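S.K.: One structure, as structure tokens, below. Some questions next.
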Amino acid sequence: MTGKDFRKIALSLPETEERSHMDHPDFRVKGKIFATLGYPDKARGMVKLSPEDQHNFSKDYGEAFVPVKGAWGRRGATSVDLKAAKTEIARLAIEAAWRNTAPKQLLREHKGVSSVKRH
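Listed below in structure tokens is the structure:
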């Protein structure tokens, strides 16, 4: 996948806006970051997953998804190697990050945003 693909998927989610944080793009729902692009380099993105989703993506797609080091990683921040990530799997991760961040009312209004299959 490319950075352009990542951006397109993130911005397709309800009430998402792109802003900048520490000189790289981020994607927010209701002002809260759920994904970033281009950090620590242009070949990566980051999604904010639940610990369970982080474990499953890292276990099943370890070439593309790796927990960020330190406290951020323990809280679900997961690095995405864009070149190694298959677009449909990355879409599931970005959608999961959006759902983990969106307010409950917004989730109720947009039940159509797909769910990550639980293992």
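To get the working numbering, take the position in the sequence shown, counting from 1, and add 1. Built from N, CA and C at the ideal position, the CB exists for glycine as well. Note that the coordinates shown come from a computational prediction; the quantities given were computed from them, not determined experimentally.
Checking 8 Å against the spacing of the C-beta atoms, do residue 96 and residue 12 come in under that value?
M.R.: No, Cβ-Cβ distance for residue 96 and residue 12 is not below 8 Å.
S.K.: Could you tell me the alpha carbon to alpha carbon distance between residue 54 and residue 98, rounded to whole angstroms?
M.R.: So the two alpha carbons sit approximately 9 Å from each other.
S.K.: Name the DSSP beta bridge partners of residue 22, please?
M.R.: Partner(s): 25.
S.K.: In three-state terms, what does DSSP make of residue 59?
M.R.: Here residue 59 sits in helix by DSSP.
S.K.: Under 8 Å between the Cβ atoms of residue 39 and residue 52?
M.R.: Their beta carbons are not under 8 Å apart, which means residue 39 does not touch residue 52 by this criterion.
S.K.: Is it the case that the CB of residue 23 approaches a heavy atom of the ligand SAM more closely than 7 Å?
M.R.: Absence of the ligand SAM from the depicted structure is noted, as is the absence of any ligand whatsoever, leaving it without description.
S.K.: Identify, in the order they occur along the chain, each residue of the same chain with its Cβ nearer than 7 Å to the Cβ of residue 83, setting aside the five sequence neighbours on each side.
M.R.: Excluding residues within five positions, the ones whose Cβ falls inside 7 Å are 2, 3, 4, 7, 44, 45, 46.
S.K.: Fully enclosed by the stretch 53-115, which alpha helix (DSSP H) runs are 4 residues long or longer?
M.R.: List check, alpha helix (DSSP H) in window: 71-75, 88-102, 105-110.
S.K.: Helix, strand or coil: how does DSSP classify residue 117 here?
M.R.: Here residue 117 scores only 44 on pLDDT, less than 50, and its place in the model should not be relied on; the value that follows carries that caveat. Looking at residue 117 - three-state DSSP - the assignment turns out to be coil, as it is neither helix nor strand.
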